[in-house]
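Worksheet: the structure to be examined is printed underneath.
Numbering (this note's numbering), first residue to last: 2 to 595.
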């Protein structure tokens, strides 16, 4: 049976039956000894079930029958009189009721001579084994050691197959197995959380992979301690999964997830460096309409995906419809990646005018994607894809290249090169690629530092305002590159931010002015922005100027710079060329006769 790969229980049960067939006055049993010194019956085909149950979880010791004593001292124990042997005081009554008079027990060792089991020979007469029986018993012990050894190797292979080597947590295979066994008959009975380490790659790149491993181990230990008795698994290089089944945790999953994140607040000491783990969590609770555990896991992945897009470091719980949004993003990513590979990305330029003179002050570079049918797709239709950092970096680099080529084109046509505003992404500002991209641009194309204006959304400016990337931005400004804060007023940007992280211009969206009431909140906001700009030496640019009334109102309120469909739509480089060689634009004030 050993050769055929039968289970340990089946193998030792068969061995006991064969021993009893060869020695009719012997009753045989085999026990396993665990690492805590507890015994567990594996086989005893001729002994009653209640007798074997009485042996389960008994602690080995110097006075614990023949088997417990043999395991404790790691040596054979020959008891010839159970009734009067002090080692059997606690266990003699059940044995005597079965007619047992003597018991010979032998320890079973592993390869390192650690006791992992015992084999016992009960006899119904008062005696010790004869010489031939002793040799036979030695053979039986050897067979048991072979069977136990094979079993341990199988367990070790299974453990390795289901255990992550670095953290000793159950791995993805174990997670899939556990997931498949979860009950699917009660809504809200369990949930899945997926944890992603946001800064593992940066840690590996900056501090080395040993430091990255150190951080992973620390995170695994902290989270495992915090979620027990719920189970945590390491399912990828920087991903962990938790199966949540505790009622208290399920009752407030948001608080449970926040508790996990709070355990990562303290930095980790790794190879002499202090590294602060950063993580994002997505989660989903089982509902009957999910159909099965795999759907819950997929929903948790969708939630994680969305959480990372929305701003890393938090928790998002799946809600119906989130997967549709994520699917839309995946399609957008594929379309943008394909367009970059096929060089179907174009730049259109929308001028910013002096509203008093009609002169062009700068050009805002707007990304456009040309689909395979030749149609032009505006940036808003593939904006979701820019949350993919790899694509965002590639797109910004490609935009710089296109802008450089257009600058050459206009220079060769003897036209003035106006400053160009470039919208940059969170990936650019977080990872510091803008400086490298600009240096490549200026070394190849006729664009000086003051020929580039970086456009930061209000959300990105918050990162600058908190100091996370302020140093990078101020280095760029020190080179002469100007910075514009876009959509001023749409995010909580304080005056203190403008003082500690200064910019050269702020943009406001004035699309609502068309229906604004005179002296209403819209005009009050613009007046306040004009005043802030003047006091801080910051230019104010109005965007979304879509009609003459809006333009006239802006001039009256003191806003001198603007762009929008009323002034000029986004234009191709050829259309910009035609505009520059044509007649000057008439000033808005004279055109509206204000």
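Backbone N, C-alpha and C fix where the C-beta goes; we use that ideal spot for every residue, glycine too.
Beta-carbon proximity list for residue i, same chain, < 8 Å, skipping 5 on both sides
i, result
"residue 396", "337, 341, 346, 368, 387 and 426"
"residue 364", "350, 351, 352, 353, 419, 420, 421, 422 and 577"
"residue 384", "333"
"residue 449", "443 and 481"
"residue 538", "none"
"residue 572", "349, 350, 351, 352 and 580"
Residue from the options whose Cα sits closest to the Cα of residue i
i, options, result
"residue 57", "47, 31 and 573", "31"
"residue 334", "393, 446 and 366", "393"
"residue 285", "440, 503 and 257", "257"
"residue 356", "566, 15, 562 and 268", "562"
"residue 21", "447, 47 and 206", "47"
"residue 362", "417, 536 and 241", "417"
"residue 116", "463, 530 and 142", "142"
"residue 238", "245, 227, 196 and 263", "196"
"residue 478", "445, 190 and 439", "439"
"residue 546", "89, 540, 560 and 538", "560"
"residue 210", "174, 271 and 541", "271"
"residue 181", "165, 254 and 295", "295"
"residue 460", "441, 445 and 498", "498"
"residue 37", "77, 17, 62 and 502", "62"
"residue 163", "178, 110 and 150", "178"
"residue 198", "214, 93, 548 and 144", "214"
CB of residue i within 8 Å of CB of residue j, strictly
i, j, result
"residue 42", "residue 53", "yes"
"residue 454", "residue 483", "yes"
"residue 511", "residue 527", "yes"
"residue 83", "residue 99", "no"
"residue 457", "residue 487", "yes"
"residue 250", "residue 231", "yes"
"residue 13", "residue 44", "yes"
"residue 306", "residue 574", "no"
"residue 400", "residue 435", "no"
"residue 190", "residue 287", "yes"
"residue 8", "residue 81", "no"
"residue 123", "residue 28", "yes"
"residue 261", "residue 227", "yes"
"residue 617", "residue 223", "This structure does not reach residue 617, given that the chain is present from 2 up to 595, and the question cannot be answered."
Residue i - containing beta strand (DSSP E), residue span
i, result
"residue 30", "27-34"
"residue 121", "116-124"
"residue 234", "232-235"
"residue 285", "280-286"
"residue 424", "421-424"
"residue 378", "377-379"
"residue 44", "39-44"
"residue 264", "Note, residue 264: premise wrong, no beta strand (DSSP E); not H, not E."
Contact set for residue i: own chain, Cβ-Cβ below 7 Å, skip 5 residues either direction
i, result
"residue 168", "217, 218, 221 and 235"
"residue 595", "Per-residue confidence for residue 595 stands at a pLDDT of 34, beneath the threshold of 50, marking its modelled position as unreliable; the derived number appears in the next sentence. Here the set comprises 553, 556 and 557."
"residue 569", "351 and 352"
"residue 331", "none"
"residue 414", "578"
"residue 428", "390, 393 and 394"
Close beta carbons around residue i, own chain, < 6 Å, minus the five adjacent residues each side
i, result
"residue 451", "481"
"residue 68", "32, 106, 119 and 121"
"residue 309", "281"
"residue 380", "368"
"residue 518", "Its pLDDT being 46, under 50, residue 518 is placed unreliably by the model, and nothing is read from it."
Range covered by the alpha helix (DSSP H) that runs through residue i
i, result
"residue 363", "Per DSSP, residue 363 belongs to no alpha helix (DSSP H); it is in the beta strand (DSSP E), 361-371."
"residue 443", "435-445"
"residue 1", "What the structure shows of the chain is the stretch from 2 to 595, and residue 1 is not part of that stretch, so it cannot be assessed."
"residue 224", "210-228"
"residue 557", "549-558"
"residue 152", "132-163"
"residue 318", "No alpha helix (DSSP H) contains residue 318, which is instead part of the beta strand (DSSP E) from 316-318."
"residue 583", "Run containing residue 583: none; DSSP gives neither H nor E here."
"residue 252", "248-252"
"residue 62", "Note, residue 62: premise wrong, no alpha helix (DSSP H); not H, not E."
Identified DSSP bridge partners for residue i
i, result
"residue 350", "366 and 572"
"residue 105", "79 and 122"
"residue 540", "506"
"residue 484", "455"
"residue 416", "According to DSSP, which records beta bridges pairwise, residue 416 is partnered with nothing at all."
"residue 274", "271"
"residue 240", "197"
"residue 110", "116"
"residue 562", "355 and 542"
"residue 301", "DSSP, once it has assigned bridges, lists no residue as partnering residue 301."
"residue 166", "Paired residue(s): none; residue 166 is not in a bridge."
is_contact[residue i, chain D] using C-beta, thresh 8 Å
i, result
"residue 549", "Within the model displayed, chain D is absent; a lone protein chain is all it includes."
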